[in-house]
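Each residue of the sequence shown is one higher than the last, beginning at 0 in numbering that gives the first Met the number 0. Presented below is the structure to which this report refers.
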Amino acid sequence: MADERLSFKEMCARFDVTPRTLRYYEYIELLSPTKDGRARFYGPREVARMTLILRARRFGFSLEEIRQWLLIYDEQGSEAQMAALVQMADRQLGVLSEQRDQLDSSIKELRSLRDAASAGKI
Numbered sequence: 000m001a002d003e004r005l006s007f008k009e010m011c012a013r014f015d016v017t018p019r020t021l022r023y024y025e026y027i028e029l030l031s032p033t034k035d036g037r038a039r040f041y042g043p044r045e046v047a048r049m050t051l052i053l054r055a056r057r058f059g060f061s062l063e064e065i066r067q068w069l070l071i072y073d074e075q076g077s078e079a080q081m082a083a084l085v086q087m088a089d090r091q092l093g094v095l096s097e098q099r100d101q102l103d104s105s106i107k108e109l110r111s112l113r114d115a116a117s118a119g120k121i
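Set out below in structure tokens:
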């Protein structure tokens, strides 16, 4: 498994991403597959990076933030990368909390409107 290499098509299927997405991640240097002629192959490093990229996207981080965070590991090592992650996570937790508060407020307002409409009070 350590020497496993995935083709472009296998990588798309494993992570349920479009070919366009995968090519874009390569273009912005989030991923660096090995190439054999025109074929691209993704080893364990790229698979791990893709897992991190998709997790970070789910948490709301931008692709540039993810790129910078991955670069920290390459240039400064895992300790610096983890310190950066703590800072990024703290900031993003604040953003997500604010979004949740806004959603809670919108839900409450919509329920009130629905209840008023249901009771014929509009």
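All residues carry an ideal CB built from backbone N, CA and C; glycine is no exception.
Spatial distance of residue i from residue j (CA atoms)
| i | j | result |
| --- | --- | --- |
| S105 | Q98 | 11 Å |
| E9 | L84 | 29 Å |
| R110 | R57 | 28 Å |
7 Å CB neighbourhood of residue i in its chain, flanking five on each side removed
| i | result |
| --- | --- |
| E64 | M87 |
| F14 | M49 and L53 |
| M0 | Since pLDDT at M0 reaches only 49, below the 50 mark, its modelled position is unreliable, and the value read off the structure follows with that caveat. Excluding residues within five positions, none has a Cβ falling inside 7 Å. |
| G59 | Q91, V94 and L95 |
Where the beta strand (DSSP E) containing residue i begins and where it ends
| i | result |
| --- | --- |
| A118 | A118 -> no beta strand (DSSP E), and no H or E assigned at all. |
| R39 | A38 to Y41 |
Spatial neighbours of residue i in its chain, beta-carbon cut-off 6 Å, leaving aside the 5 residues before and after
| i | result |
| --- | --- |
| A47 | none |
| G42 | R4 |
Selected residue, minimal CA-CA separation from residue i, among the options
| i | options | result |
| --- | --- | --- |
| P32 | F58, A12, R57 and R4 | R4 |
Neighbourhood of residue i by C-beta distance below 8 Å, restricted to the same chain and skipping five residues each side
| i | result |
| --- | --- |
| R66 | I27, E28 and L29 |
| L51 | I65 and L69 |
Boundaries of the alpha helix (DSSP H) in which residue i is found, first to last residue
| i | result |
| --- | --- |
| F58 | Element bounds for F58: n/a, residue is neither H nor E. |
| T17 | Element bounds for T17: n/a, residue is neither H nor E. |
Worksheet item: Are three or more beta carbon pairs between the segment 75 to 86 and the segment 32 to 42 nearer than 8 Å?
Response: Taking 8 Å as the limit for Cβ pairs, the verdict is that the segment 32 to 42 does not touch the segment 75 to 86.
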